[in-house]
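Read in order, the letters of the sequence shown correspond to residues 514 to 851 in the numbering used here.
Just so it is clear, CB atoms sit at the ideal spot from N, CA and C, and this is done for glycine as well.
Let me begin by presenting the structure, written as structure tokens, before commenting on it.
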Amino acid sequence: MEQPLRVGIVGCGNISDIYLRNLEKFEETAVVAVTDLDAGKAQVAARDYGVEVEPDVASLLARSDVDLVLNLTVPAAHFEVSLRALESGKHVYSEKPLVLTVAEGNALVDLAEKNRLLLGCAPDTVLGAGIQTCVALVDRGEIGEVVGANAFMLCAGHESWHPSPEFYYRPGGGPLFDMGPYYLAALFFLLGEVDEVCGLHRATFPTRTITSQPLAGAVIQVETPTHIALTMHHVSGAISSLTTSFDVQASLLPPIELYGTEGTLLVPDPNTFGGPVRLKRKGAPDWVDVELEFEFAENSRGLGVRDMAIALREGRDPEVSGELALQALEIMESVLSD
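As structure tokens, this is what we get:
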């Protein structure tokens, strides 16, 4: 058995627990150390998962037994942490978004290539059973030639449940940067690269009042668009649209519908790893539920890190690469800068 990829985690916030749980379970990966600006959070993670704590990023990067840095910091810190890791000779896997600007993204991609390191980025939900089953159906021609797709991420925002939702309404937040990467990655996997994009956006409410604890009653000044609609032309010829919003009180629209000349495919929520996958073929009277064809239908965050470990062994690029994340960033930045 080959030695697992040894991982050091920077950032022990809400999402770190599922990463720690899964990376401990995968035979291809092993977490060796964690660090966080809040030492207490790092200590809890270390205690729960039997790993070591480092007092700061520099100490973690100095460890010779860290092969890859998993960057789970807030988006505003992604660039600095990932840059330092690449400069230290570590492979990097970052939570989404990769960074906040295309210029920063290009810098990371170029540095990784220069230093012959792998750079990967969430979301890795596209590696789960649901999206992979949809990709297989499309590749087999189950819906014929793909014409286009509609995708929707519509909600009323996060201030009613998140303990500290301010950053969702700051630059680098908003529904497109928060959730858009899931939908864009799924559309890339299903329809291919994008060569043209246009979009519109607005911020409906100038302020948001937090109703969740512990900050209930605090008022957030909204500094980023909160309702964004964009249309994309894919190199394959397909046309897709994506609407993301924190301004919608209720909706029955599906996450993603894929339209082909021979049928329509209902794609599951790209923020999850499983189903349901539903298909209605041309001329068929009813929709049918499609059995998932692949493993990892449960919450498998960390699959992207596992894939990087396998990619290193096989000498290939990771499935959810920095380049793929940069494509999403280019789309998001171009729409929000208009």
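DSSP three-state assignment for G817, whether helix, strand or coil: helix
CA-to-CA distance, A698 to R597, given in whole angstroms: 26 Å
Closest Cα partner of V710 within the set A838, M845, I723 and P517: M845
Reference T774; option with closest CA among G796, K554, V648 and D708: G796
L533, enclosing alpha helix (DSSP H) - first and last residue: S529 to K538
Candidates Y696, A810, Q516 and L713: closest to D580 by CA position: Q516
Own chain partners of V612 with C-beta closer than 6 Å, once the 5 adjacent residues on each side are dropped: H591, F592 and G618
Delimiting residues of the alpha helix (DSSP H) encompassing L559: Looking at the sequence itself, residue 559 is Ala, so the reference to Leu does not match. That run of the alpha helix (DSSP H) goes A552 to Y562.
For D652, the first and last residue of its enclosing alpha helix (DSSP H): A642 to D652
Local Cβ density within 10 Å of P676, reported as buried at 16 or more and exposed below that: exposed
Coarse secondary structure for D637, derived from DSSP in three states: coil
Cα-Cα separation, G526 to P798: 48 Å
Candidates K538, F701, V570 and A838, of which the one nearest I522 by Cα: V570
R576 - DSSP class collapsed to helix/strand/coil: coil
Contained alpha helix (DSSP H) runs [length at least 4] in the stretch 570 to 627, N- to C-terminal order: 570 to 574, 591 to 600 and 615 to 627
CA-to-CA distance, A589 to W674, given in whole angstroms: 22 Å
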